[in-house]
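Take 900 as the starting number for the sequence shown in my numbering and just add one per residue.
C-beta atoms are modelled at their ideal positions from N, C-alpha and C, and glycine is treated no differently.
For clarity, every value in this text was computed on a predicted model and none was experimentally measured.
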Amino acid sequence: MIRIEGFRKHFGKGAKRVPAVDGINLSANPGRVFGLLGPNGAGKTTTLRAVATLIKPDEGRILVAGHDAVTEPHAVRSRLGFLTGATGLYDRLNATETLQYFGRLQGMSEERIRQRTRELADLLEMTPFLTQRVGTLSTGQKQKCSIARAALHDPEVIVLDEPTSGLDVIASAGVVAFIHRCAEEGRTVLFSTHIMPEAERLCHDLAFIHKGLLVEAGTLDELEERHGSRDLNAIFLKVTGHGPHS
């Protein structure tokens, strides 16, 4: 469902031009959760923004549901829901109005918007605050609203950038449950995180990115076979040259 082939992206000009991502290849498939793991600044967000058609590769190709992210951006966006770190929610709208607004942008009927709002409110436990203005919501409630907005149009692909960052244990559990549900429904989920235990619990497939390079990838079982451990922190330190056996 997602194919990234030789993706490269640089920022800056002249002598200050630096690679943010340098030749990544990966595939994420329906019904599976793909975790892109690495520290802040590794290139995870740049990769996800390119998948979501927000930036264009300098080199390489990105396909979503068979559509090229550069030449067919509208087709990609109609099939993809994207959660970014910057929520961009309108403080003066309530949660229901927010979903209604973005549903209309997606060309959804009013009845379909109401139906999906009910479904997502139940799934994400949003019902108690649906009529509250977004500006009065907690961080966790805003994150749930953002996730509902990304999933409202029932996309085949869900892309989440650090979805549990800054959330408490209860709010994080709700996001994790949502990700599990998406995979069970046959959607493709691609998400980034630097929280390794979270990735251990959630991911079917994993890739470590460090300084813009893909340094290791596979299922948890494959990583254990290669490195003799299921400890993702230890594996990451090893493959990046920071571990005791690197």
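Per DSSP, the beta-bridge partners of Thr1087 are Val1056. Distance from the Cα of Arg902 is smallest, within the candidate group Leu1019, Leu1136 and Val1088, for Val1088. Taking the C-beta atoms as reference points, Ser1091 is found nearer than 8 angstroms to Leu947. The beta carbon of Val1138 lies closer than 7 angstroms to those of Phe1107, Val1114 and Glu1115 in the same chain, with the five residues before and after it left out. Nearest Cα to Asp1104 within the set Val932, Arg1011, Gly1002 and His973: Val932.
Contiguous beta strand (DSSP E) elements confined to the stretch 1016 to 1075 occur at 1056 to 1060, taking only those with 3 or more residues. The continuous beta strand (DSSP E) containing Asn924 extends over residues Val917 to Ala927. Distance from the CA atom of Lys908 to the CA atom of Ser926, rounded to whole angstroms, is 18 angstroms. Rounded to the nearest whole angstrom, the CA to CA distance from Glu1055 to Phe1001 is 17 angstroms. Restricting attention to alpha helix (DSSP H) runs no shorter than 4 residues, the stretch 928 to 976 encloses them at 943 to 950, ordered along the chain. Classified as exposed, Ala914 has fewer than 16 neighbouring CB atoms from the shown chains inside 10 Å of its CB.
Note: Thr1092 is bridge-paired with Leu936 in the DSSP secondary-structure output. In the DSSP secondary-structure assignment, Ala994 is not bridged to any residue. Under the 8 angstroms Cβ criterion, the stretch 981 to 993 does not count as touching the stretch 957 to 964, having fewer than three qualifying pairs. As computed with DSSP, Ala1116 is found in a beta bridge with Ala1106.
For Leu979, the enclosing beta strand (DSSP E) covers residues Leu979 to Leu982.
For the pair Val1033 and Ala994, the CB atoms are nearer than the 8 angstroms cut-off. For Lys908, the enclosing beta strand (DSSP E) begins and ends at Ile901 to Phe910.
Each residue's CA atom was taken as its position, placing Arg1013 and Met1007 some 10 angstroms apart.
Non-local beta-carbon contacts of Val1075 in its own chain, meaning distances under 8 angstroms to residues more than five positions away in sequence, involve Thr1063, Glu1097, Arg1100 and Leu1101 in chain order. In the structure shown, the three-state DSSP call for Arg1100 is helix.
Across the set Tyr989, Leu992, Thr952 and Pro956, the C-alpha of Thr952 shows the shortest separation from the C-alpha of Val975. In this structure, the CA atom of Ile923 is about 12 angstroms from the CA atom of Ala949. Relative to the Cα of Glu1018, the nearest Cα in the group His1141, Ile1046, Ile1069 and Ala1133 belongs to Ile1046. Taking 8 angstroms as the cut-off, the beta carbon of Pro929 is found no closer than this to the beta carbon of Arg1080. Note that the C-beta distance between Leu1066 and Gln1005 is not below 8 angstroms.
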